[in-house]
Amino acid sequence: MEFTVYLAPKGFVNELVYELGDVTEVVDRLVFAPGPPRPVAWAQNIWLNPRRIPIESIGDGVAKLKALQRNWTLRSTRHHRRARLIEEQLPAVRPKPITIGTPPPTAPLGAWTLIDRDTIVASPACSSPFPHGEVQFVENKVDPPNRAYLKLWELFTLLEAAPKPDSFCLDMGGSPGGWTWVLASLGCKVLSVDKAPLEPRIEAMPGVEYRMLSAFALDPREVGPVDWMFCDVICYPDRLWRLVDRWRTFGKVRNFVCTIKFQASTDHETAAKFWAYPGSRLVHLFNNKHELTWVLLDKEEFPRFHAEEEGEEGDLPESETAAPSAQEPDPS
Numbered sequence: 001m002e003f004t005v006y007l008a009p010k011g012f013v014n015e016l017v018y019e020l021g022d023v024t025e026v027v028d029r030l031v032f033a034p035g036p037p038r039p040v041a042w043a044q045n046i047w048l049n050p051r052r053i054p055i056e057s058i059g060d061g062v063a064k065l066k067a068l069q070r071n072w073t074l075r076s077t078r079h080h081r082r083a084r085l086i087e088e089q090l091p092a093v094r095p096k097p098i099t100i101g102t103p104p105p106t107a108p109l110g111a112w113t114l115i116d117r118d119t120i121v122a123s124p125a126c127s128s129p130f131p132h133g134e135v136q137f138v139e140n141k142v143d144p145p146n147r148a149y150l151k152l153w154e155l156f157t158l159l160e161a162a163p164k165p166d167s168f169c170l171d172m173g174g175s176p177g178g179w180t181w182v183l184a185s186l187g188c189k190v191l192s193v194d195k196a197p198l199e200p201r202i203e204a205m206p207g208v209e210y211r212m213l214s215a216f217a218l219d220p221r222e223v224g225p226v227d228w229m230f231c232d233v234i235c236y237p238d239r240l241w242r243l244v245d246r247w248r249t250f251g252k253v254r255n256f257v258c259t260i261k262f263q264a265s266t267d268h269e270t271a272a273k274f275w276a277y278p279g280s281r282l283v284h285l286f287n288n289k290h291e292l293t294w295v296l297l298d299k300e301e302f303p304r305f306h307a308e309e310e311g312e313e314g315d316l317p318e319s320e321t322a323a324p325s326a327q328e329p330d331p332s
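full-length UniProt numbering numbers the first residue of the sequence shown as 1 and each following residue consecutively.
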């Protein structure tokens with residue numbers, strides 16, 4: 001029977017199970033569901049063409065994985081020592097943190113786990129080009145005022161798109177200035193709106209204008225056409241929906257990037273409203289917490305999944321094979 005394996009973000013297995021509905025098995029953070037891959041928000045990575053592979057020995061497991069393709073990353077869930085012995089005989093994949101502006105890897109990268117002592121579940125193709133969907137950066141610990149900038153870095157890397165220089169951007173809920181810093185660094189003109197102040201050095205960046213005002217009080221008619229609207233406001237999801245709907249109705253915003261922040265419980269109903277908007281995408285970024293990122297780009301439909309029966313052989317770039325892993329897998 002055809003099935004798909006979804007990797008939940010750390011701490012959000014229940015959200016993924018709720019979103020999928022018809023789950024057949026949960027192993028650690030791996031969630032199994034029948035049928036072909038579905039575009040879901042609460043998945044950090046999706047195994048697009050998994051299969052169960054019986055193995056007779058460690059060497060047999062190595063041979064069968066190598067017969068499918070070259071590059072594999074282990075998601076260890078059970079029989080950890082035996083799985084590591086198989087992993088040690090496969091070509092090493094140890095990604096280095098990347099710098100902003102580096103394109104995603106293009107070499108095929110499969111994922112696998114030892115589901116029981118004599119059975120591997122492996123997928124030659126995955127939705128993310130990064131191991132386990134973990135996008136690690138060489139962090140800037142000096143210039144940005146907080147770590148929120150990593151969300152935009154990750155999004156722009158995955159989209160392979162970002163605002164162009166001189167684009168007019170709104171940064172709603174901009175304080176203390178993490179997203180404004182990213183946008184101003186790209187050469188954008190940024191109107192940052194928040195009741196709390198920007199850090200002075202961020203406000204002083206070229207192209208930055210700050211208004212001490214609630215994002216909900218800003219009148220679209222006073223702003224005019226907007227190339228990109230960014231919103232990282234801390235508010236209930238339904239209030240964010242009303243804010244976004246107001247600006248969409250205004251009709252002068254070309255692109256939206258909004259963080260849906262949840263409180264103690266996840267508001268699946270409001271998340272579904274965002275997800276249902278034609279042409280948009282709802283994702284949980286590796287750098288998201290209890291939140292989702294909603295993206296609507298001008299005249300662009302996001303591609304659906306496409307998985308070949310097997311991955312093609314190829315080497316990962318040198319920077320992704322030569323250094324120790326920046327983050328060890330979560331203990332299982």
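Heads up, the beta-carbon is just placed ideally off N, CA and C, and yes, glycines get one too.
Tell me whether Glu25 sits in a helix, a strand or coil according to DSSP, three-state version. Strand, per DSSP.
Please identify the residue among Trp294, Ala67, Glu199, Gly101 whose C-alpha is closest to the C-alpha of Glu139. Looking at the Cα atoms, Gly101 is the closest of the given residues.
Using the Cβ count rule (16 or more neighbours within 10 Å means buried), how would you classify Gln263? Counting Cβ neighbours within 10 Å, Gln263 comes out exposed, since fewer than 16 surround it.
Secondary structure at Asp118, three-state DSSP: helix, strand or coil? In this structure, Asp118 counts as coil in the three-state DSSP scheme.
Close Cβ partners of Gly59 (< 8 Å) along its chain, the five nearest in sequence each way excluded: For Gly59, same chain residues with a beta-carbon under 8 Å away, outside a window of 5 residues either side, are Gln89 in chain order.
Could you check whether the region 278-286 touches the region 244-253, counting it as contact only if at least three pairs of C-beta atoms, one from each stretch, sit closer than 8 Å? No, the region 278-286 is not in contact with the region 244-253.
Going by beta carbon distance, what residues of the same chain come within less than 6 Å of Leu183, once the five residues before and after it are set aside? Correct list, in chain order: Cys169, Val190.
Sub-8 Å separation of Gln136 and Pro95 beta-carbons: In contact: Gln136 and Pro95 (Cβ atoms closer than 8 Å).
Buried or exposed, going by whether 16 or more other CB atoms sit within 10 Å of the CB of Met172? Buried, because 16 or more other Cβ atoms sit within 10 Å of the Cβ of Met172.
Inter-stretch contact at 8 Å, needing at least 3 Cβ pairs: the region 6-19 / the region 240-248: Flag = no, the region 6-19 and the region 240-248 do not touch.
State the CB to CB distance for the pair Thr73 and Ala111, rounded to an integer number of angstroms; the pair is presumed to be in contact (CB under 8 Å). Contact holds; Cβ gap of about 5 Å.
Could you say which of Asn287, Ala125, Ser185, Glu2 lies nearest to Pro108 if we only look at CA atoms? When each option's Cα is compared against that of Pro108, the closest is Ala125.
With a cut-off of 8 Å on the beta carbons, I'd call Leu7 and Val40 a contact; round off their distance for me. No, Leu7 and Val40 are not in contact; Cβ-Cβ is about 11 Å, not under 8 Å.
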